[in-house]
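Each residue of the sequence shown is one higher than the one before, starting from -3 at the first, in my numbering.
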Amino acid sequence: MDLTSEQRAILDGSRGPYLATCMRWLVEWGDVMGARRLIRVDNTHALLPVPNLMARGASRETIEQYVEGLREACRHRTAPGCYCTVHALFVTLDKVNAKENDPEQVRLQQEIADMAAEAGFIPTFTCAPYLVGNVPLKGEICAWTESSAVVYANSILGARTTRHGNESAIAASLLGVVPEFGVLLDENRKGTLRIEVSAQLVSPTDWGALGYFAGKLAGLGIPVFNGVRRPSQDDAKQLCAALATSGGVSMCHIAGITPEAPSLEAAFHGEVPAEFVGFTDATLRDMYASLRNRTGDEVDSVILGCPHASIREIAEISALLKGKRVADGVRLWINAARATKAGADAMGYTRVIEAAGGTILCDTCPTNMRIPARRIVTSGFKQAHYARGMVGAEVIVAALEPCIRAALAGRWMGDE
Ligand code: F3S
């Protein structure tokens, strides 16, 4: 890769050993990916979580070593002019009634959170930074972690980010550069798979089903959806999250809707493939069936807000819960960014949800916390996919309203 003299000097240690290491991470990654140069990045979404090591019995030494790595990153300032937000954590910094919220892990995380804020990272602690102010413009170069947010940024906002991991996003935040490859380049933003949608997509979860279907087929490619109505922000959130769950997708286009797809031709850079895959009402039903592996109807957890809930979703949940009570023994968690919860507090939604027995969980989600559950009902295809794999629970994916009905009854009541 061609480096400027300043970049080479940093690599050689002119700004100290840690930034030299950061530069090495970016250069080595770029070399492997065929990048020719490092380009300026103005917007990052970094990952600074203290992992759930205690719960997994890791040694004190291992934990301390990992945390020291985070401290080292936060002893530096974020690059001048770079807007840096932070991804979801593995614990909440609030007090919650869950033994998985290990007090020692919370203490260490609070220490890192304070240091990160001092370094210039905005403590959003969310998987949906675009809901709380990090909304890059079309063409803006970003370095985001969280695969669902990467797809949202590239596709819905028309910004440009490859899929980042912990080290690369921290390095980009501190140095203000990223290797130029993949979807940062025009030629790699061309659609690769045409999907003709005839199914009626009613709820955001239906859009998740479409994404789950397309992600499996597209792999690392770029699906192009044709024939769909304009999605709401919540619809788009579910679509992007599911695309990044069943596949390694970094972006999609919606013909006639998303910024780089004013037409089907534009989405494919003028070369529209004659072959396409259909997404019908039957396919939609199949996708729901693929993430419903229940062996009974009793439910112990209802998890909403994956990716983190918008204020509109919280308003809807609050309206559905008003004056009602969640069944005994059922945990109703609504995952949300702290900033979104502040809005919910101001609107009175939090009071209604808590009076009904629900909890708005900030900074994290039950899957990240590894809260054990036997049978989960959720409105997110991503949550259903990972809860089955990582928590080992039975799952039922459904639209928001049936999820709330299940929470109130303590059992799966069906979709209608
Ligand atoms: Fe967010 Fe947890 Fe889902 S971090 S994207 S709510 S699995």
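C-beta atoms are modelled at their ideal positions from N, C-alpha and C, and glycine is treated no differently.
These numbers come from a predicted model, not from an experiment.
By the three-class DSSP mapping on this structure, what secondary structure does residue i have?
i    : result
I367 : coil
L317 : helix
L300 : strand
G354 : strand
L133 : coil
T188 : coil
L34  : strand
C78  : coil
C399 : helix
H423 : This structure does not reach residue 423, given that the chain is present from -3 up to 412, and the question cannot be answered.
C138 : strand
E176 : coil
R159 : strand
L22  : helix
L328 : strand
A165 : helix
A311 : helix
N222 : strand
V322 : coil
E183 : helix
D8   : coil
E294 : strand
Can you give me the C-alpha to C-alpha distance between residue i and residue j, rounded to a whole angstrom?
i    : j    : result
A315 : V387 : 30 Å
V198 : G204 : 11 Å
L43  : T74  : 14 Å
N144 : Q3   : At residue 144 the sequence reads Ser, which differs from the Asn that was named. Going by the C-alpha atoms only, they are around 31 Å apart.
T17  : D359 : 29 Å
P269 : A251 : 14 Å
R327 : V131 : 32 Å
R56  : P99  : 15 Å
N289 : T363 : 18 Å
C78  : A139 : 10 Å
Y148 : D282 : 25 Å
S375 : R366 : 18 Å
M111 : A383 : 31 Å
L133 : S164 : 21 Å
M29  : L216 : 14 Å
A389 : G12  : 47 Å
E312 : I218 : 32 Å
G154 : G325 : 44 Å
T141 : A124 : 10 Å
R159 : A237 : 13 Å
A403 : N222 : 36 Å
T188 : Y284 : 25 Å
A342 : V348 : 12 Å
H265 : L180 : 16 Å
R333 : T120 : Arg is not the amino acid found at residue 333; the sequence shown has Ala there. Their backbone Cα atoms lie some 7 Å apart in a straight line.
T336 : L85  : 16 Å
Hey, would you say the C-beta of residue i is under 7 Å away from at least one heavy atom of the ligand F3S?
i    : result
G319 : no
Y382 : yes
A149 : no
T363 : yes
H41  : no
P303 : yes
Q379 : yes
C123 : yes
S144 : yes
N162 : no
G339 : no
G376 : yes
A237 : yes
N48  : no
N130 : no
N331 : yes
A109 : no
A168 : no
Output needed for residue i: all residues of its chain with C-beta closer than 8 Å, excluding positions within five of it in sequence on either side, in chain order.
i    : result
F117 : A42, L44, C70, T74, C80, T81, V82 and S169
For residue i, which residues in the same chain have their Cβ closer than 7 Å to its Cβ, ignoring the five residues on either side in sequence?
i    : result
R407 : D293, E294 and V295
R20  : L7
S259 : A251 and G252
R36  : I137, G172 and V173
A352 : L317, K320, R321 and V322
L89  : V102, Q105, Q106, A109 and D359
Q379 : I299, C302 and T363
W25  : S164 and P175
K212 : S242 and G243
S1   : none
Which residues in the same chain have their Cβ closer than 6 Å to the Cβ of residue i, if we skip the five residues on either side of it in sequence?
i    : result
K233 : P303
W329 : I299, T355, L357 and P362
L49  : I59
A31  : M(-3), P175, E176 and F177
Which complete beta strand (DSSP E) runs does the segment 224 to 290 hold, if anything under 3 residues is left out? 273 to 275
Could you tell me which whole beta strand (DSSP E) segments of length 3 or greater appear in the segment 62 to 131? 79 to 82
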